[in-house]
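All remarks here apply to the structure that follows.
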């Protein structure tokens with residue numbers, strides 16, 4: 001359960017409706033549940049329940065003051081193999097902007113972007129929001145294009161772009177390249193080796209989905225009564241680098257009594273060597289900080305995954 005940190009519906013913007021695009025996905029499921037627990041009237045949309053028909057907004061979307069876009073059909077690796085998947089996500093986002101523009105209510109729009117993927121290798125980490133952006137993957141380029149189009153659509157929305165680090169947590173899919181932590185814990189449960197592609201010294205910024213969702217709910221609370229988030233682009237992560245070798249050691253700690261073996265494989269072009277985010281602006285703008293340590297987060301995942 002997400003502790004949103006709010007003590008009343010007023011604190012959380014609870015009387016003000018929100019809409020979640022991608023409500024049945026990993027982040028979307030957590031976000032929808034957190035908003036609902038905070039007393040926020042929330043409408044959820046997915047491929048099975050589209051946000052628009054014949055170019056017109058669904059009723060729940062039309063009445064929302066905050067619109068969260070957390071939909072995603074392609075991982076980084078999938079987007080490289082099948083670029084059309086990432087482009088389809090971009091077209092869905094463009095349709096959302098068009099529908100919201102026609103509706104004319106100018107809600108706050110919150111885009112779940114990608115921290116590591118948009119910064120690429122243009123500068124050394126930690127990456128701040130002002131660091132150069134030079135995405136090296138199809139996935140990163142599409143995320144950056146979404147962000148730029150939203151930031152330029154101020155006639156239609158009040159934009160907030162959250163550049164999110166590597167998200168993990170319970171409920172993450174076990175297929176399709178959805179996160180190294182998820183894959184490794186699942187591998188241990190199945191008696192399989194952990195696969196490390198490339199350098200085990202490569203670092204990532206791992207942030208628990210509960211911490212991500214708290215930041216999103218905080219944005220809703222701040223903007224529900226017409227407030228603004230400044231700057232409109234914020235990094236959301238743990239703010240610290242963790243090497244893959246360190247993650248292996250945390251795996252060993254949380255899967256007590258299980259055998260953990262490692263298989264080394266050649267590196268992949270889509271993998272960055274080092275990536276982590278400077279999250280000080282999010283602390284200043286939202287009053288938000290990550291709370292869940294990597295070991296705590298992995299223990300909750302292991303309890304869900306272990307047979």
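Numbering (full-length UniProt numbering), first residue to last: 1 to 307. Beta carbons: idealized from backbone N, C-alpha and C, even for Gly.
Requested in this report: Go through the segment 102 to 156 residue by residue and report every complete run of the alpha helix (DSSP H) that reaches 4 residues or more, in order.
Outcome: 115 to 119, 138 to 151
**Report entry** residue 18 vs residue 66 beta-carbon contact at 8 Å
**Finding:** Yes, the Cβ-Cβ distance between residue 18 and residue 66 is below 8 Å.
Query raised in the report: Rounded to a whole number of angstroms, what is the C-alpha to C-alpha distance between residue 73 and residue 272?
Result: 21 Å
Report task. Check whether the Cβ atoms of residue 161 and residue 113 sit closer than 8 Å, and answer yes or no. Result -> yes
**Report entry** Anticipated Cβ contact below 8 Å, residue 305 with residue 189, distance rounded
**Finding:** 5 Å
Report task. In the DSSP assignment, find the unbroken alpha helix (DSSP H) run with residue 219 in it and report its ends. Result -> Run containing residue 219: 209 to 223, per the alpha helix (DSSP H) assignment.
Requested in this report: Tell me whether residue 211 is buried or exposed, calling it buried when 16 or more other Cβ atoms sit within 10 Å of its Cβ.
Outcome: Buried, by the Cβ-count rule.
Requested in this report: Sort out for me which residues DSSP pairs residue 236 with in a bridge.
Outcome: 164
**Report entry** For residue 247 and residue 355, the rounded distance between their alpha carbons
**Finding:** The requested residue 355 is not part of the displayed model; the chain covers only 1 to 307.
Query raised in the report: For the segment 218 to 230 against the segment 292 to 301, are there 3 or more C-beta pairs whose distance is under 8 Å?
Result: Because the criterion of three Cβ pairs below 8 Å is not met, the segment 218 to 230 and the segment 292 to 301 do not touch.
Report task. With a cut-off of 8 Å on the beta carbons, I'd call residue 233 and residue 129 a contact; round off their distance for me. Result -> Indeed, because the Cβ distance is near 5 Å, the residues count as touching under 8 Å.
Query raised in the report: Excluding the five sequence neighbours on either side, which residues of its own chain have a C-beta within less than 7 Å of the C-beta of residue 173, listed in chain order?
Result: Listed in chain order, the non-local C-beta contacts of residue 173 below 7 Å within the same chain comprise 26, local neighbours out to five positions each way being set aside.
Requested in this report: Quick one: grab the DSSP three-state call for residue 292.
Outcome: The answer is coil: DSSP assigns residue 292 none of H, G, I, E or B.
Query raised in the report: CB residue 274 to CB residue 224, shorter than 8 Å?
Result: Result no, Cβ atoms of residue 274 and residue 224 do not sit closer than 8 Å.
Report task. Assuming residue 45 and residue 76 form a contact by the criterion Cβ under 8 Å, report the distance between their Cβ atoms to the nearest whole angstrom. Result -> Not really, about 24 Å apart at Cβ, beyond 8 Å.
Query raised in the report: What are the start and end residues of the beta strand (DSSP E) that includes residue 34?
Result: Where residue 34 is concerned, there is no enclosing beta strand (DSSP E), although the alpha helix (DSSP H) it sits in stretches over 26 to 37.
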